[in-house]
Each structure stands twice: as C-alpha cells, then as structure tokens.
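Here is the structure we will look at, set down as structure tokens.
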C-alpha cells in the first residue's frame with residue numbers, strides 16, 4: 190500500500206480533482222442530459238495511466254453526485270455505458286488531439302444514447318417489447334440526445350482544454366502520467 194502511495198503523482202491529483210469538479214457540475218441547474226458524464230469517462234480513460242483508476246475515480250465521482258441527486262432505478266445502466274466510454278477513452282485517446290477528441294466525444298454520445306435507451310426499452314414498461322417499441326424508445330429520446338451531444342462536446346472541450354492549459358503552465362505535469 191505504501192509503495193502504491195509513493196507512485197501517486199501530483200498529476201494524479203490534478204486529474205482526480207478535475208473529474209470530481211466535473212461531477213459536481215451535475216449539481217448545478219442544467220438542461221436534461223447536458224452534463225459532463227461522457228467527458229469525465231473519456232478524460233479518465235485518456236489520462237489515468239492505471240486503468241483501475243480510469244474506471245474507479247470517475248465512477249466514484251458519479252456515484253457520490255447520484256447520492257445527492259437521487260439514485261434512480263436505471264442508474265446501473267448509466268454506469269455500464271459510463272464504463273464503455275472509459276474504454277473508448279483508453280483506446281481512442283492514447284494520443285490526444287482535437288480530431289480524436291471530437292470523434293471520441295461523438296462516439297461516446299452515440300454509445301450512451303444506444304445503451305441507455307435500449308435499457309429503458311428492455312427493462313421498462315413504457316414501450317412494448319417489439320421492434321416498433323424499441324424504435325419508439327429511441328425516437329422519444331432524440332431531444333435528449335441532442336443535449337447529450339452538445340454537452341459532451343462542450344465538456345470534453347473544457348476538461349481536455351483546461352488540462353492541457355494546466356500542463357502548459359506547469360511543465361512538470363506534462364512529464365508524468367496520472
């Protein structure tokens with residue numbers, strides 16, 4: 190345990206603080222689905238060198254804010270989609286650049302939309318368990334997808350942009366992974 194603590198770098202704390210700050214943005218008034226969830230997952234996947242931290246830190250941050258907002262019946266589906274987005278961050282953002290960030294953000298938005306709305310259809314009672322019911326579930330969620338897509342692009346830009354600015358201002362952070 191002591192050896193692991195020695196390996197925790199200042200960069201780890203910067204990335205962790207940014208993830209928790211983003212999570213607490215969820216507590217501020219915002220349009221439905223305009224939240225930093227996908228950005229946190231992509232950010233964790235991109236910048237935590239220890240992949241267990243890439244999953245654990247953002248999930249803990251989301252869970253803590255869910256405790257304040259309220260735990261909802263399908264939260265576990267959101268957490269599954271969140272883990273999928275962390276994996277996207279790990280594999281799509283090995284080298285971060287604007288083009289990859291935009292592509293990863295859009296892919297994250299689509300993944301979240303597909304997974305969570307499939308879960309609502311499969312496990313809920315709002316829609317019949319038919320192809321038409323599945324289509325109705327996805328169709329009803331389109332306005333929320335628009336907010337997710339815009340929010341994901343916005344928060345990905347903010348989180349990654351702030352982090353790159355901090356690394357530029359504190360060059361020692363640029364040399365060490367979180």
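In the numbering used here, the protein residues as written are 190 to 367.
Cβ atoms here follow ideal geometry from the backbone N, Cα and C, with glycine treated the same way.
Keep in mind that this is a model prediction, so the values were computed, not measured.
Alpha helix (DSSP H) segment containing residue i, residue limits
| i | result |
| --- | --- |
| residue 322 | 320-329 |
| residue 231 | 226-236 |
| residue 269 | 264-281 |
| residue 299 | 287-312 |
| residue 240 | 240-258 |
| residue 211 | 199-214 |
| residue 315 | Here residue 315 belongs to no alpha helix (DSSP H), and DSSP marks it neither H nor E. |
| residue 363 | 360-363 |
Buried versus exposed, by CB contacts within 10 Å (16 or more), residue i
| i | result |
| --- | --- |
| residue 301 | buried |
| residue 274 | buried |
| residue 361 | exposed |
| residue 237 | buried |
| residue 211 | buried |
| residue 359 | exposed |
| residue 241 | exposed |
| residue 196 | exposed |
| residue 352 | buried |
| residue 261 | exposed |
| residue 314 | exposed |
| residue 344 | buried |
| residue 350 | exposed |
| residue 328 | exposed |
| residue 258 | exposed |
| residue 202 | exposed |
| residue 324 | exposed |
| residue 331 | exposed |
| residue 191 | Reliability fails at residue 191, whose pLDDT of 48 lies under 50, so the model's placement of it is uncertain and the value that follows must be treated cautiously. Its Cβ having fewer than 16 others within 10 Å, residue 191 is exposed. |
| residue 225 | buried |
| residue 206 | exposed |
| residue 243 | buried |
Expected contact under 8 Å - CB spacing of residue i and residue j to nearest Å
| i | j | result |
| --- | --- | --- |
| residue 234 | residue 276 | 7 Å |
| residue 322 | residue 263 | Not really, about 16 Å apart at Cβ, beyond 8 Å. |
| residue 298 | residue 230 | No, residue 298 and residue 230 are not in contact; Cβ-Cβ is about 11 Å, not under 8 Å. |
| residue 223 | residue 340 | 4 Å |
| residue 271 | residue 248 | 7 Å |
| residue 288 | residue 281 | With a Cβ gap of about 11 Å, residue 288 and residue 281 do not count as contacting. |
| residue 220 | residue 306 | With a Cβ gap of about 18 Å, residue 220 and residue 306 do not count as contacting. |
| residue 208 | residue 245 | About 10 Å separates the two Cβ atoms, so there is no contact after all. |
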